[in-house]
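Scroll down for the structure; my scribbles are underneath it.
Protein chains: 2
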Amino acid sequence: MKTDNNKELRVSAIKNGTVIDHIPAKDLFKVIKILGLQDIDNTMTIGNNLESKTQGHKGIIKVSEMFFQDEDIDRIALAAPNAKLNIIKNYSVVEKRKVNVPDKVIGIAKCVNPKCITNYEANVKTKFTVLDKEEITLKCHYCEKITNRENLRLQ
Amino acid sequence: MKTDNNKELRVSAIKNGTVIDHIPAKDLFKVIKILGLQDIDNTMTIGNNLESKTQGHKGIIKVSEMFFQDEDIDRIALAAPNAKLNIIKNYSVVEKRKVNVPDKVIGIAKCVNPKCITNYEANVKTKFTVLDKEEITLKCHYCEKITNRENLRLQ
Numbered sequence: 001m002k003t004d005n006n007k008e009l010r011v012s013a014i015k016n017g018t019v020i021d022h023i024p025a026k027d028l029f030k031v032i033k034i035l036g037l038q039d040i041d042n043t044m045t046i047g048n049n050l051e052s053k054t055q056g057h058k059g060i061i062k063v064s065e066m067f068f069q070d071e072d073i074d075r076i077a078l079a080a081p082n083a084k085l086n087i088i089k090n091y092s093v094v095e096k097r098k099v100n101v102p103d104k105v106i107g108i109a110k111c112v113n114p115k116c117i118t119n120y121e122a123n124v125k126t127k128f129t130v131l132d133k134e135e136i137t138l139k140c141h142y143c144e145k146i147t148n149r150e151n152l153r154l155q
Numbered sequence: 156m157k158t159d160n161n162k163e164l165r166v167s168a169i170k171n172g173t174v175i176d177h178i179p180a181k182d183l184f185k186v187i188k189i190l191g192l193q194d195i196d197n198t199m200t201i202g203n204n205l206e207s208k209t210q211g212h213k214g215i216i217k218v219s220e221m222f223f224q225d226e227d228i229d230r231i232a233l234a235a236p237n238a239k240l241n242i243i244k245n246y247s248v249v250e251k252r253k254v255n256v257p258d259k260v261i262g263i264a265k266c267v268n269p270k271c272i273t274n275y276e277a278n279v280k281t282k283f284t285v286l287d288k289e290e291i292t293l294k295c296h297y298c299e300k301i302t303n304r305e306n307l308r309l310q
């Protein structure tokens, strides 16, 4: 039986949109959740656990007709601080961007402290100061406990 | 600036593994969750909101070196009853399979009734009888309330 396996895959090339590359494989679905990609109608292709020369295994996301705001891009820094974005127009890369870890993180991550007010009051948004932008170390504005990349869970 | 957009996409062809096609676009991430694909190390490619001749927009999942058991396949029927699987060996389709909606569903879906014991007792697994395999209508074994595809949430 002949496969159309290769042919099908060509649909995944994007003409216009954004490619997010160099996402750590284990954090790919966190990035999807942060950007809300599970709820949009844009055509997208996602690869995970791909060989990477620089970081073991990586994930990549390509979203057609989507051009993110700086604010959105910086939100993914918590899960993928080394991600690189290529902006695609007419099949060519017209711009390259890096993510920046922001100074403050509001309403994306959960506080690791189960007794923190943000974990039992539904209308109090989490708010953190970023102490370390390399390791992603977040200090809670309310309880001052430290949440880091290892125990980071998304709201 | 020249893009390597097309070249990159070729990594997504799989030599051996499983292609799950004809997933309703809005249910793609439910299927990923049901199969636990966010937690495995296999190389995978996912496309969503792709044009489909038969069903508006669809999702597709390709997982390398993964061959699902019948039981796993039938679990995705709740989210994607018309999904079709191609088993790939050496770049060729060697087998085609359909999903079967099971008669009983245990521990995948949440009961729609907030007062159901399965929603407040952590160690009671949900259990449903499937009343309608086309529409996916589930009757709770404990409270007898009906959960259907529209309000289906995963555990």
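Protein chains in written order, with our numbering: chain H, 1 to 155; chain W, 156 to 310. Where is the CB? At the ideal position from N, CA and C, for every residue including glycine. Remember, predicted model here, so these are calculated numbers, not experimental data.
Below 8 Å on C-beta distance, what does ASP389/W contact in chain H? The structure shown does not extend to residue 389/W, since chain W is modelled only from 156 through 310, so no value can be given for it.
Using the beta-carbon of each residue, which ones in chain A are nearer than 7 Å to PHE29/H? No chain A appears in this structure, whose protein chains are H and W.
Give me the Cα-Cα distance between PHE283/W and HIS212/W, rounded to the nearest whole angstrom. For the purposes of this step, residue 283/W is taken as residue 128 along the second sequence, with counting starting at 1. For the purposes of this step, residue 212/W is taken as residue 57 along the second sequence, with counting starting at 1. HIS212/W has its alpha-carbon roughly 29 Å from the corresponding atom of PHE283/W.
Roughly how many whole angstroms lie between the Cα atoms of VAL99/H and ILE32/H? Position 99 of the first sequence, counted from the start, is the residue given in the question as residue 99/H. Position 32 of the first sequence, counted from the start, is the residue given in the question as residue 32/H. Going by the C-alpha atoms only, they are around 15 Å apart.
Mind checking who ALA109/H pairs with in its DSSP beta bridge? Start at 1 with the first residue of the first sequence, and residue 109/H comes out as number 109. Paired residues: LEU154/H.
Euclidean distance between Cα positions of GLU290/W and VAL267/W: The sequence position of residue 290/W within the second sequence is 135, counting from 1. The sequence position of residue 267/W within the second sequence is 112, counting from 1. GLU290/W and VAL267/W: Cα-Cα distance of roughly 16 Å.
Excluding the 5 residues flanking ILE108/H on each side, which residues of the same chain have their C-beta closer than 8 Å to its C-beta? Start at 1 with the first residue of the first sequence, and residue 108/H comes out as number 108. Result list for ILE108/H: ILE34, ARG75, LEU78, THR126, LEU154, GLN155, in chain order.
ILE261/W to LYS294/W span [Cα, whole Å]: To locate residue 261/W, count along the second sequence from 1; it is residue 106. To locate residue 294/W, count along the second sequence from 1; it is residue 139. In this structure, the CA atom of ILE261/W is about 11 Å from the CA atom of LYS294/W.
Please identify the residue among ASP132/H, VAL124/H, ARG149/H, ILE87/H whose C-alpha is closest to the C-alpha of CYS143/H. On the first sequence, position 143 is the one that residue 143/H refers to. Closest option to CYS143/H, judged by alpha-carbon separation, among ASP132/H, VAL124/H, ARG149/H, ILE87/H: VAL124/H.
So, at 6 Å on beta carbons, what are the nonlocal neighbours of LYS110/H in its own chain, with the 5 sequence-adjacent residues on each side left out? Position 110 of the first sequence, counted from the start, is the residue given in the question as residue 110/H. Within its own chain, the residues whose Cβ lies closer than 6 Å to the Cβ of LYS110/H, once the five positions on either side in sequence are excluded, are ARG153, GLN155, listed in chain order.
Nearest candidate by alpha-carbon position, reference ASP225/W, set THR173/W, SER207/W, THR302/W, VAL285/W: The count along the second sequence starts at 1 and reaches residue 225/W at position 70. Answer by Cα proximity: THR173/W.
Within 10 angstroms of the Cβ of THR198/W, are there 16 or more other Cβ atoms? Answer buried if so, exposed if not. For the purposes of this step, residue 198/W is identified with residue 43 of the second sequence, where counting begins at 1. For THR198/W, the number of other beta carbons within 10 angstroms of its own is at least 16, and it is reported as buried.
Among ASP287/W, THR292/W, HIS177/W, which has the Cα closest to the Cα of GLN210/W? For this step, residue 210/W is matched to residue 55 along the second sequence. Nearest option by C-alpha distance: HIS177/W.
Unbroken stretches of the beta strand (DSSP E), 3 residues or longer, contained in the stretch 78-104 of chain H: Within the stretch 78-104 of chain H, the complete beta strand (DSSP E) runs of at least 3 residues are 84-89, 92-98.
Give a yes or no on whether the C-beta atoms belonging to LEU20/H and ILE61/H are separated by under 8 Å. Taking the first sequence and counting its residues from 1, one reaches residue 20/H at position 20. Taking the first sequence and counting its residues from 1, one reaches residue 61/H at position 61. Rather than Leu, the amino acid found at residue 20/H in this sequence is Ile. Going by C-beta atoms, ILE20/H is nearer than 8 Å to ILE61/H.
Opposite THR45/H in the DSSP bridges: which residues? Looking up residue 45/H in the first sequence gives position 45. Residue pairing by DSSP places THR45/H opposite LYS62/H, GLY202/W in a beta bridge.
What does the alpha-carbon distance come out to for the pair PRO236/W and SER92/H? Position 81 of the second sequence, counting from 1, holds the residue named residue 236/W. Position 92 of the first sequence, counting from 1, holds the residue named residue 92/H. Note on geometry: alpha-carbon atoms of PRO236/W and SER92/H lie some 38 Å from one another.
Is the Cβ of MET44/H closer than 8 Å to any Cβ of chain W? Position 44 of the first sequence, counted from the first residue, corresponds to residue 44/H. Using a CB distance cut-off of 8 Å, MET44/H counts as an interface residue toward chain W.
Since ASN16/H contacts LYS89/H with CB under 8 Å, what's their CB separation in whole angstroms? Your numbering for residue 16/H matches position 16 in the first sequence. Your numbering for residue 89/H matches position 89 in the first sequence. 6 Å between Cβ atoms; contact.
VAL94/H classed as buried or exposed, judged by whether at least 16 other C-beta atoms fall within 10 angstroms: For the purposes of this step, residue 94/H is taken as the residue at position 94 of the first sequence. The residue is exposed, with fewer than 16 neighbouring Cβ atoms inside 10 Å.
Can you give the beta carbon distance from VAL285/W to PRO257/W, rounded, assuming they're within the 8 Å contact cut? As a working mapping, residue 285/W is identified with position 130 in the second sequence. As a working mapping, residue 257/W is identified with position 102 in the second sequence. Between PRO257/W and VAL285/W the Cβ distance is about 7 Å, and since that is below 8 Å, they are a contact.
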